[in-house]
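Asks:
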Amino acid sequence: MIRTTLIALACGCVFGAGLAISGMTNPARVIGFLDVFGAFDPTLAFVMLGALIPMGLAWRVKERRERPFAAQSFVVPATTRVDARLVGGAALFGVGWGVAGLCPGPALANLTLSPLPAAIFVAAMACGMALHRMLPRGTPSTRQN
Amino acid sequence: MAASLSSISLGLAGGLMIGCAAAAMLLLLGRIAGVSGLAARAFRLADPGSTVIATAFVIGLPAGAALAKRAGAPFEASFPSIIYLVIGGLLVGLGARLGSGCTSGHGVCGVSRLSKRSLVATGVFMATGVLTVAALRAAGVGP
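Just so you know, the protein sequences line up as chains A and B, in that order.
Counting from 1, position 61 in the first sequence corresponds to residue 142 in the numbering used here; the numbering is continuous, with no gaps.
Counting from 1, position 129 in the second sequence corresponds to residue 399 in the numbering used here; the numbering is continuous, with no gaps.
#1: Where do the N-terminal and C-terminal ends of the alpha helix (DSSP H) with C94/A fall, by residue?
#2: Would you grab the beta carbon distance between L282/B and A205/A for me? Rounded to a whole angstrom, and I think it's under 8 Å.
#3: May I have the straight-line CA-CA distance separating C92/A from F327/B, to the nearest angstrom?
#4: Going along the chain, which residues of its own chain have a beta-carbon closer than 7 Å to the beta-carbon of V128/A, five neighbours each way excluded?
#5: Between the alpha carbons of S351/B and Q153/A, how many angstroms are there, rounded?
#6: Any C-beta of chain B sitting closer than 8 Å to the C-beta of P123/A?
#7: Comparing alpha-carbon positions, which option in R367/B, V322/B, E346/B lies nearest M82/A?
#8: Just reading off the alpha helix (DSSP H) that N191/A is part of, what are its end residues?
#9: With DSSP as the reference, label S320/B as helix, strand or coil.
#10: Does the region 331–339 of chain B come into contact with the region 170–180 of chain A, if we say contact requires no fewer than three beta-carbon pairs (one atom in each stretch) closer than 8 Å?
#11: Under 8 Å, with one C-beta from each stretch per pair, do the region 145–164 of chain A and the region 339–353 of chain B reach the 3-pair mark?
#12: Do we get a CB-CB distance below 8 Å when we pair A132/A with the residues of chain B?
#13: Along the chain, where does the alpha helix (DSSP H) that runs through G359/B open and close?
#14: Can a CB atom of chain B be found closer than 8 Å to the CB of P217/A?
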């Protein structure tokens, strides 16, 4: 349990440091990426590229393993159905992302860098998540990210 | 916010760190480093599951960012006004849960797995994000 907690904490730290170093904790930079008809800033594409390389390799390693190195089993989504919830949710998410220039990772990482605006966004985000819990359940959402 | 060789190199370096952290979550703990799902679980706004992993990871995010800043990572940020933060936050929280993921879960973990759901979700949120910024700009309240 302690080992698991420390691994998750360390992963969160490296993830958060990566967000800060990449410039993604700056909403102006994220909005710049989405501003393709204006002052386009391609930085986010390079962040994605950088993140996709180790993660792509990790999926290949995962295929050869029965179980993770420090846990009992893999907990990964198995759903493949593209439905209205997925598309509608992603569409709403994109609008919010464009409005604020923040998504969950950078918002949480910003709690130490720019505490006030980050806390406002995170509180609103938690309300949005709570709202989702109140919605009638359709097909069970198996994907927990 | 103009891009430069430096911002792009730092973006690539930070991205590699994000990807390594997500890779370690998968290979060591068997979990997807999807921040919206982990945050919902840490906030007790998701079905019961491993709250320990989720909470530790979520605490790590601001801790790691603070460490990077202390280590001298160039840091600047410009935030929109409170109304944008509130509306954006609500839509991001609701949308990420409804769509079962965000930039990290779908955009990094799912896309690298070539998951059809994640490829669709990432395409959709990139598109609505671009349209939103363009619409705000056209309305004279954009960047």
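Where a beta carbon is used, it is the ideal one built from N, C-alpha and C, also for glycine.
Replies: In short:
#1: One-based indexing of the first sequence puts residue 94/A at position 13. That run of the alpha helix (DSSP H) goes 83–103.
#2: Translated into the one-based positions of the second sequence, residue 282/B becomes position 12. Translated into the one-based positions of the first sequence, residue 205/A becomes position 124. The pair is not a contact, with the Cβ atoms about 31 Å apart (cut-off 8 Å).
#3: In the first sequence, residue 92/A corresponds to position 11, counting from 1. In the second sequence, residue 327/B corresponds to position 57, counting from 1. Between C92/A and F327/B, the C-alpha separation is close to 6 Å.
#4: Taking the first sequence and counting its residues from 1, one reaches residue 128/A at position 47. Closer than 7 Å at the Cβ level, and outside the excluded window around V128/A, lie S103, M105.
#5: Residue numbering aside, residue 351/B sits at position 81 when the second sequence is read from its first letter. Residue numbering aside, residue 153/A sits at position 72 when the first sequence is read from its first letter. Those two C-alpha atoms are separated by around 45 Å.
#6: Position 42 of the first sequence, counting from 1, holds the residue named residue 123/A. Yes - at least one Cβ of chain B is within 8 Å of the one on P123/A.
#7: Residue numbering aside, residue 82/A sits at position 1 when the first sequence is read from its first letter. Looking at the Cα atoms, V322/B is the closest of the given residues.
#8: Along the first sequence, one-based indexing puts residue 191/A at 110. First-last of the alpha helix (DSSP H) with N191/A: 185–194.
#9: One-based indexing of the second sequence puts residue 320/B at position 50. Three-state result, S320/B: coil.
#10: no
#11: no
#12: Here residue 132/A is taken as the residue at index 51 of the first sequence, counted from 1. For A132/A, the answer is yes, since a Cβ of chain B falls inside 8 Å of its Cβ.
#13: As a first step, residue 359/B is located in the second sequence; it is residue number 89 there, counting from the start. It spans 352–368 - the alpha helix (DSSP H) in which G359/B sits, taken as one unbroken run.
#14: Counted from its first residue, the first sequence places residue 217/A at position 136. For P217/A, the answer is no, since every Cβ of chain B falls outside 8 Å of its Cβ.
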